[in-house]
Amino acid sequence: VKLVDLEPVFERVVEPGKKYEEVDSLDLAQGVRFECPQCGKHQVLCWFRNRGVPDSETPGPGRWEASGTGAHDLTLSPSVHLSGPGCGWHGFVRNGEITG
Ligand SMILES: [Zn+2]
2 VKLVDLEPVF
12 ERVVEPGKKY
22 EEVDSLDLAQ
32 GVRFECPQCG
42 KHQVLCWFRN
52 RGVPDSETPG
62 PGRWEASGTG
72 AHDLTLSPSV
82 HLSGPGCGWH
92 GFVRNGEITG
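The working numbering puts the first residue of the sequence shown at 2, with every later residue one more than the last.
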């Protein structure tokens with residue numbers, strides 16, 4: 002499945018723990034949110050490394066290295082593994098493609 006088909010939204014923190022805003026570009030983003038590729042019943046939110054996201058921001062503590070120019074060619078490193086209650090999806094986002 003392609004990331005662009007999971008309604009991806011780039012996000013920035015406006016008020017830590019409270020308020021986020023959507024931004025148009027990966028350059029401006031601190032994270033990306035998209036529909037869960039495994040169950041489709043919830044959203045997956047991955048905050049990026051080295052982009053000023055507070056350590057306390059949830060979900061955590063995972064942070065991802067984001068590369069690419071947009072949702073169509075986004076790569077997240079390392080892989081994404083959802084912990085806690087829920088579907089436990091584990092997969093990869095590489096060059097805009099989701100596998101696993
Ligand atoms: Zn899920």
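All residues carry an ideal CB built from backbone N, CA and C; glycine is no exception.
Keep in mind the model is a prediction, meaning the values are calculated, not measured.
Residue i versus residue j - alpha carbon distance
i, j, result
"R13", "A67", "14 Å"
"W90", "E58", "21 Å"
"H82", "Q44", "13 Å"
"G101", "S80", "9 Å"
Check whether residue i and residue j have beta carbons under 9 Å apart
i, j, result
"C40", "G92", "no"
"V54", "T76", "no"
"A30", "R52", "yes"
Cβ neighbours of residue i in the same chain (closer than 7 Å, five flanking residues each side left out)
i, result
"E8", "F35, E36"
"Y21", "E12, R13, V14, V15"
Best match in the options for proximity to residue i [C-alpha to C-alpha]
i, options, result
"L27", "C47, P17, K42, G18", "C47"
"G32", "S80, T70, P38, W65", "W65"
"V24", "D56, G97, V10", "V10"
"D56", "G18, S84, A72", "G18"
"P1", "S84, N96, A72", "The chain is shown only over 2 to 101; residue 1 falls outside these bounds and no answer can be derived."
heavy atom of ligand 3 below 8 Å from residue i C-beta
i, result
"G92", "Ligand 3 is not part of the structure shown, which contains ligand 1 as its ligands."
CB contact check: residue i to chain D, cutoff 9 Å
i, result
"P62", "The chain inventory of the structure shown lacks chain D, comprising one protein chain alone."
Residues near residue i in its chain [Cβ-Cβ closer than 6 Å; skip 5 each side]
i, result
"G69", "L75, T76"
"S78", "E66"
"G71", "L27"
Residue i - containing beta strand (DSSP E), residue span
i, result
"A67", "66-68"
"L46", "44-48"
Sequence-distant residues of its chain with Cβ nearer than 8 Å to residue i (five each side left out)
i, result
"I99", "V2, K3, L4, L7, P38, G92, F93"
"K42", "C88"
"P124", "Since the first and last residues shown for the chain are 2 and 101, residue 124 lies out of range."
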